[in-house]
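> With the numbering used here applied, the sequence shown closes on residue 186, and no number is skipped along the way.
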Amino acid sequence: MHSRREREAAAETWLLLAAKDARRARTEWKDYGVALLRCGGLFSAIRIPAAIVWAAVGTSERDELAGLLAEALDGPCCFDGNGQHFYALTPHSTAGLWKLPDAECLGSDFYLGVPATSVNEPDPRCAAYWVVPMDGPAALCPPAAVACLVQRGRSLVAAAQAREARDA
Numbered sequence: 019m020h021s022r023r024e025r026e027a028a029a030e031t032w033l034l035l036a037a038k039d040a041r042r043a044r045t046e047w048k049d050y051g052v053a054l055l056r057c058g059g060l061f062s063a064i065r066i067p068a069a070i071v072w073a074a075v076g077t078s079e080r081d082e083l084a085g086l087l088a089e090a091l092d093g094p095c096c097f098d099g100n101g102q103h104f105y106a107l108t109p110h111s112t113a114g115l116w117k118l119p120d121a122e123c124l125g126s127d128f129y130l131g132v133p134a135t136s137v138n139e140p141d142p143r144c145a146a147y148w149v150v151p152m153d154g155p156a157a158l159c160p161p162a163a164v165a166c167l168v169q170r171g172r173s174l175v176a177a178a179q180a181r182e183a184r185d186a
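1) For V52, which of A180, R181, E139 and A90 has the nearest alpha-carbon?
2) Strictly by DSSP, which residues pair up with W148?
3) DSSP three-state label for D141, please.
4) Mapping DSSP to helix, strand and coil, what is H20?
5) Using only the alpha-carbon positions, how far apart do R25 and Q179 sit?
6) Counting only runs that start and end within the stretch 54-139, where is the alpha helix (DSSP H) found for 4 or more residues in a row?
7) I need the straight-line Cα distance from F104 to A28, nearest angstrom please.
8) Taking the CB atoms as reference points, tell me whether A145 and I64 lie closer together than 9 Å.
9) Is it true that the CB of W47 sits closer than 9 Å to the CB of P133?
10) Name, in chain order, the residues that DSSP records as bridge partners for V175.
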């Protein structure tokens, strides 16, 4: 059995493999709480608008959201408060297969601001944090779980918009 800190350190080491300069990325994590990592090699990232995630899980309350999202995605997910997007990390091969609208899969040629593995709540240094932290190296979301969440959220957002249009 490994402690949370040991799993976090192992995930950090693994994530640094996606950095152009691992030493610089480690310094950026320390100083800014976030570092740019290249998608498409080790992992892809599915960018999901916050409204879709909040609709899918039924809340935008941070404490409730974390547990519900962990259960739905079965893998790591971070939130960018500036862009109001969630990023579910998936296997690198996801980019070539992803077809769902409203949720873009970032594969090769994309860089993502990834929070340090220790940033698990809003941090004054950066707008991004892990809602569902990585559980270890290469412990990623199954693409089917992300697709299910996105489809559910899209359906609920569309139904709410239809009700608003009907009631207007």
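Ideal Cβ positions, reconstructed from N, Cα and C, are used throughout, including at glycine.
Bear in mind that the values here come from a model prediction, so they are computed numbers and not experimental data.
Taking the coordinates as given:
1) Counting from 1 along the sequence shown, the entry for residue 52 is found at position 34. Here the closest residue by C-alpha is E139.
2) Stepping through the sequence shown from its first residue, residue 148 is reached at position 130. Looking at the DSSP assignment, W148 forms a beta bridge with C96.
3) Within the sequence shown, numbered from 1, the residue matching residue 141 stands at position 123. Strand, per DSSP.
4) Taking the first residue of the sequence shown as 1, we reach residue 20 at position 2. Correct three-state label for H20: coil.
5) Taking the first residue of the sequence shown as position 1, residue 25 is located at position 7. Taking the first residue of the sequence shown as position 1, residue 179 is located at position 161. Roughly 42 Å between the two C-alpha positions.
6) 68-75 and 80-91
7) To locate residue 104, count along the sequence shown from 1; it is residue 86. To locate residue 28, count along the sequence shown from 1; it is residue 10. Those two C-alpha atoms are separated by around 23 Å.
8) On the sequence shown, position 127 is the one that residue 145 refers to. On the sequence shown, position 46 is the one that residue 64 refers to. In this structure, I64 does not lie closer than 9 Å to A145 by Cβ.
9) Within the sequence shown, residue 133 is the residue found at index 115, counting from 1. Within the sequence shown, residue 47 is the residue found at index 29, counting from 1. Contact flag set, yes.
10) As a working note, residue 175 is residue 157 in the sequence shown. V175 has no beta-bridge partner at all, per DSSP.
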